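Numbered by our numbering, the letters in the sequence shown go through residues 573 to 1541 in order. Beta carbons: idealized from backbone N, C-alpha and C, even for Gly. Here the structure is a predicted model, which is why all the values come from computation and not from measurement.
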Amino acid sequence: MATEPLRPITDQENLIERRRELLALDAAFRELRRTTGGVPRARNKGLLAFTGPAGLGKTALMSEARAKAAAGGFTVLSGRGSETEQGSAFRVVRQLMQPSLARMDEAELRVFLGSWYDTVAAVLGLEATGPAPAPDPTGVREGLDWVMTRLTMKKAPIVLILDDLHWTDPESLSWLTSFAPRAEDLPLLIVVTYRPDELPAEAGGFRTLVADRGNRPHNLALLTPEGVARIVRNEIGEAAGDRFCKECWSATGGSPFETVELAIGLGERELGGTDHDLSSMRELAAAIKGPGLIERLERLGTTTVRFAQTAAVLGSPFSPELAAAIAVLGDEAAAEATEKLRAARILAAGHGHEGELEFVHPLIATTIYRSIRTGFRTGLHNTAAQAVLAAGYGATKAARHLLEVPCEDRAETVACLREAARDYLRAGATDAARRLLTRALQEPPPAEDRAAVLHELACATFLIEPTATVRHLRQALAQPHVDPDLRASIVYRLTTAMAHTDQLAEAVNVAAEEARQATNPRVKLRMQADQFVWSMVRPDDHDSPTRSRTLARLAEQLPGRSLEERYILGLRAWDAAMRGEPRETSLAYADKALHGGMSWTDENRGFEVPLSVALVYMYGDQPRRAEELFSKGIAECMAKGWHGSHLAFGQTIAGYVHYRRGSLAEAEDSVREGLRIADKVDGVVAAQWFGVSILIKTLLARGRITEARAFADEHHFGAAPVNAVIYPDPRTVYAELLLAEGRHADAARLLSEVGEWLDARGWRNPAWCPWQLRLASALAPTEPEEAVRQAGEAVRRAREFGAHSAVGQALHTLAEVTGGPPAVGLYAQAVEQLEQSPAAYELARAQIGHGAALSLAGRLQEAADRLYQGLEGAVHCGAGALAARAREELSAAGLRPLPLRYAHVDTLTAPELRTAELTVQGHAVGVVAKELHLTEQGVRQLLSSVYRKLGTDAAGLAGFLEARHRPHP
């Protein structure tokens, strides 16, 4: 049956009483169009929202916005939420972005997306390169930000139109909420409509966005009687009577959707709008929605009803071929049903780009869907799932329908849900994966697969429900005959989840019990590694010395051939450094652990051990090596799409390495970046605990005490201990803040507690935690003898460890608390030690302290040399207060600061390079001095500069020179 194309209900002549909204659109478009050289000027806002209950004309308004934007030369990207597809993760994002990307060939796509290709591939329906990564939600959001920003700059200006936001899937809504503020800085306007009372709980961030940024939505109102009369008369003529029009308003309640539909129906029946037409009008009005719409549909015949119901189950837009297959209709019957539904204004005229059909209005689709009998609707969903899979639409499309089907103990249902969940995890949609796997468990899965399904569910819930993760994994461990490798992965994730829910002691016990029961040597080693990891993180581990001895005996027997062995060796390296054993021991184990590789992004092992190994080099006076390892780890995280907690942690601890080298500005920047990333991640992120401690320490080194105090108070730093081992130790850092504020007694009490805790654990390395040095400083004004004793003990411990930076810092503190003439020699020793280390800031501190002591002793020329050196170092480190102190000391001695003698760069000068090469060859200082025609002191100063620039001491010098001459691949 052929019909004439129907006029859409969204003609502008029917947008009656929407002048305010149309003016708002026009104003926003004018603002978007105002560009200078292709770059938009600052705009008041980049988000325009229209709200109101169902039927108030939001969809019609969006159609008008789309037409106006296209006519104005803007690129239009459109999407619409769907009531039946809210569980399909990133569905709306794909609607917005896929059409533009589909016009690019494979090569162009890869260039366009660049390094973000694999991160966003699963979200946008692209094929990833190699094994698909599993990005975190933060990485996916940032990748989508990149895509939309690139599309905007490529096709600017852009109008992004999103209708029925209240039905948008949570993942798309989360991305839109985070991205929308950037629209103000781009040639982009976002226009949305939604029903405010139907926004989901996940839309809290969007509500806040609208409220906080002056984007107050335009609330659409019902039509007045005059507005309804205008629409009716536009359709059937000016002769329509006032009473008739008033009755039309009463019948529709002023709903624009119902009014327009009614007016079109009146015109099709050729009614004139007289009192005699009132009964016919009321009949038409009743058939527009609710039971009347269903009665009208049923009059079209059972075949047409079945086709419409199938379409409602599939969701709009839908494939007519797929709907016909599910409804068991031939081509001719499906075509006839389509025409009948169009004639009845149930389906819209025309087809989409891929031949898909749509309902005229979402209200119609909702009414039809809800009218289907429960049992029949369930059967349609079940048939739809099978048809979707058979048609090649993929597991995620089918899984949406399976969620509406009762559990039937079908293995194929479980398989489909698991496959769809894996697809969602590859897209960073953890909550969507959780929903599917929860349903898979209810099916239930075959007994032999139950542990694997529980494990997969735990992976999906870890970031959003760590307590539920613990429950799922305990259930998985209780399953019989679990594969050993799967069991090891379950234990790792279980202990990690316990650690994140303040159950560290239980995490240690679980790993220990699994290690005891394991019969496979490789799995046993892995369980032991997990046990040691969480024991070291646990702050109340009372058996730490015993565990250290056990770890040492175990590591002695391992050659490091397997990854399990290398993890044990890495833990031994870290434990040796914490205990203060000779640094050669810890560095040797670190080298052995890294030989053969150690990934930072192994999802079943974590990054705790690789990170600890990197820090061993930092404490062992080879921070450049630590920086290289951190750069590698951060690059791994970014390549995998991990832009959340892992990246935040890497950036934060990398800042600590910069601090140890004396690069204070770089340290502050890195830590602040880590904290910025952590703030974007839902929940508490470990990087925040570490970052706050490191940043306060850095601010104190830069002399910004007031800022450090404000930052500490903002984060409640020092108010309560964290239930984990953090470095630098938060209580020690807080004591440093107290000392900077002159609160010596408070600092001494806190540091004494720290000392008791660490000594009980056998962790005696002042390079890791300088609590004794700070305690000595705190006691110096009131208990000078005890202060000297504490500092002297710290010097002894530092010498046992053997790192020049640790020995130099300890000697510096001993000199400060000793005072008087003996301090001059101690300062000289401190400088001598620190000159052999890469610790630029500590060296500058010691040089200035030495210079001040020399000045007091009347040795002004020597004092001047030391103070000039210290001033230069302080300026290069970014330690403003320390530089000011050097200038004050120079002024007090009647001296004037000289200009800085060289720019601070990492490139070695020719004399520095030659000095380094001769030193590596084994020549003594005297021989090098003779070769270069320098004094021995001149050679030492050159070597000190080499160590600071390269970020290593003499032990690591040969490796850096070898790498310098090694050809790049």
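Would you kindly check if the distance between the Cβ of residue j and the Cβ of residue i is under 8 Å?
i	j	result
Ile918	Ile898	no
Ala993	Leu1008	yes
Leu513	Thr749	Residue 513 is absent from the model: the chain starts at 573 and stops at 1541.
Leu1323	Trp1340	no
Ala957	Leu974	yes
Phe646	Ile733	no
Gly653	Thr740	yes
Lys630	Thr765	yes
Val1518	Glu1508	no
Leu696	Met669	yes
Glu1015	Thr968	no
Leu794	Ser827	yes
Arg1022	Ala1060	no
Gly1430	Glu1461	no
Leu1351	Gly1380	no
Could you give the DSSP three-state label for residue i: helix, strand or coil?
i	result
Arg1468	coil
His1218	helix
Asp1147	helix
Gly924	coil
Arg652	strand
Phe901	Before going further, note that residue 901 is Leu rather than Phe in the sequence given. In this structure, Leu901 counts as coil in the three-state DSSP scheme.
Ile1206	helix
Tyr766	strand
Ala1530	helix
Thr608	For Thr608, the predicted structure reports a pLDDT of 44, less than 50, and the residue's modelled location is therefore unreliable. The matter cannot be settled from this model.
Asn791	strand
Leu716	helix
Tyr1542	The chain is shown from 573 up to 1541; residue 1542 falls before or after that span and cannot be answered.
Ile588	coil
Ser1134	coil
Pro1111	coil
Ser744	helix
Ala1418	helix
Gly1452	helix
His559	There is no way to answer for residue 559, as the model of the chain reaches only from 573 to 1541.
Thr968	helix
Val1396	helix
His1167	coil
What are the boundary residues of the alpha helix (DSSP H) that includes residue i?
i	result
Ile803	797-808
Ile936	934-943
Ile1062	1056-1071
Phe816	814-824
Ala1307	1302-1312
Phe601	591-605
Gly864	862-870
Glu1180	1180-1191
Tyr1299	Careful: Tyr1299 lies outside any alpha helix (DSSP H) and carries neither H nor E.
Met676	Premise fails: Met676 is in no alpha helix (DSSP H) and is neither H nor E.
Gly951	946-962
Val1294	Note, Val1294: premise wrong, no alpha helix (DSSP H); not H, not E.
Tell me which residue opens and which closes the beta strand (DSSP E) that residue i is part of.
i	result
Ala621	619-623
Leu734	730-735
Tell me the DSSP bridge mates of residue i?
i	result
Phe890	Leu929
Thr647	Ile730
Leu1386	Answer is none; Leu1386 lacks a bridge partner.
Ala761	Looking at the sequence provided, one finds Leu at residue 761 rather than Ala. Per DSSP, Val731.
Leu1580	In the structure as shown, the chain starts at 573 and stops at 1541, and residue 1580 therefore has no counterpart that could be examined.
With 8 Å as the threshold, decide whether the Cβ of residue i is near any Cβ in chain C.
i	result
Thr938	Structure shown: chain C not included; a single protein chain is present.
Practice item. Could you name each continuous beta strand (DSSP E) segment of 3 residues or more that falls completely within the segment 974-1048, going from the start of the chain to the end? Key: none
Exercise for review: Mind listing, in chain order, the continuous beta strand (DSSP E) runs of no fewer than 3 residues lying wholly within the segment 1473-1505?
Suggested key: none
Review point. What are the start and end residues of each continuous alpha helix (DSSP H) run of 4 or more residues lying completely inside the segment 1324-1377, in chain order?
Key: 1343-1351, 1356-1373
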